[in-house]
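Letter 39 of the sequence shown, counting from 1, is numbered 47 in the working numbering, and no numbers are missing. Yeah, the Cβ is synthetic: ideal placement off N, Cα and C, and Gly gets one too. Below you'll find the structure, written out as structure tokens, and then a few comments.
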Amino acid sequence: DGNPVVLTGAEAPGAPYLHLATHPDGKDSVLDLKLAGPEIPKGQDMGIEVVTVRTTNPQLPIFRVNVQWQVKPSITVQPSAIAWSEAKAGQELRMELELTQAQGKAFRVTNASSTNPILTVEGVGASAAAKQKLVIVFSAKARPGRYSEKATILTDDPQRPSIEIPVYAVLK
Numbered sequence: 009d010g011n012p013v014v015l016t017g018a019e020a021p022g023a024p025y026l027h028l029a030t031h032p033d034g035k036d037s038v039l040d041l042k043l044a045g046p047e048i049p050k051g052q053d054m055g056i057e058v059v060t061v062r063t064t065n066p067q068l069p070i071f072r073v074n075v076q077w078q079v080k081p082s083i084t085v086q087p088s089a090i091a092w093s094e095a096k097a098g099q100e101l102r103m104e105l106e107l108t109q110a111q112g113k114a115f116r117v118t119n120a121s122s123t124n125p126i127l128t129v130e131g132v133g134a135s136a137a138a139k140q141k142l143v144i145v146f147s148a149k150a151r152p153g154r155y156s157e158k159a160t161i162l163t164d165d166p167q168r169p170s171i172e173i174p175v176y177a178v179l180k
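The following block contains the structure:
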């Protein structure tokens with residue numbers, strides 16, 4: 009109707025990692041939204057948040073906006089999970105992983121552990137590089153059965169110091 013739009017506030021109570029601010033821009037108002045990466049809970053890399061916006065307009069004093077977000081990790085892992093189905097017990101199983109730093113920065117894999125001693129990670133401690141190759145090894149000592157384990161890889165990348173890789177196996 010030609011009247012200025014004035015936003016008096018905005019909030020997303022369930023998402024403290026969304027920083028919101030409003031300011032005028034001529035007859036319009038602007039809602040600035042910043043996703044504060046370090047404040048996002050560990051393990052959460054995407055979400056849909058509801059932002060409630062208040063205005064001075066009596067016909068629309070409150071409206072809601074859905075904000076869909078996704079954080080791309082600084083280090084990606086291919087494959088992101090490992091599954092061996094119908095493998096034979098008594099044989100060593102091996103799968104190569106490639107870790108890639110998204111901006112091409114060199115990083116190191118400093119340590120690795122697993123939820124079960126029959127699962128090990130080879131290639132830890134290599135020189136810093138933008139790509140690291142590791143090998144997940146499932147021991148030949150594993151007995152027949154179903155396994156649901158995790159390998160945890162530690163890096164010196166401050167944005168992704170820890171990476172969990174699910175590892176599944178069905179051994180006959």
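According to the DSSP secondary-structure assignment, residue 159 is paired through a beta bridge with 122 and 173. Here the segment 115 to 133 makes no contact with the segment 89 to 100; the two share fewer than three CB pairs at distances below 8 Å.
From the listed residues 36, 169 and 95, the smallest Cα separation to residue 81 is found for 169. Annotation for residue 17: the continuous beta strand (DSSP E) segment containing it runs 15 to 19. Remark: C-beta atoms of residue 127 and residue 159 approach each other more closely than 8 Å. DSSP places residue 29 in the uninterrupted beta strand (DSSP E) bounded by 26 to 33.
A check of alpha carbon separations from residue 145 across 13, 101 and 43 identifies 101 as the nearest. No Cβ-Cβ contact shorter than 8 Å links residue 53 with residue 75. Residue 105 holds the alpha-carbon nearest to the alpha-carbon of residue 143 among 18, 105 and 47. The beta-carbon separation of residue 83 and residue 165, rounded to 6 Å, stays under the 8 Å limit for a contact. DSSP lists 59 as the bridge partner or partners of residue 73. A Cβ-Cβ separation of about 12 Å leaves residue 14 out of contact with residue 39 under the 8 Å criterion. Residue burial is scored here from C-beta neighbours: residue 67 has fewer than 16 other C-beta atoms within 10 angstroms and is therefore classed as exposed. Under the three-state reduction of DSSP, residue 104 is assigned to strand.
Closest in alpha carbon position to residue 161, among 176, 107 and 111, is 107.
For residue 144, the beta-bridge partners assigned by DSSP are 103 and 129.
The beta carbon of residue 99 sits closer than 8 Å to those of 148, all from its chain and outside the five residues before and after it, given in chain order.
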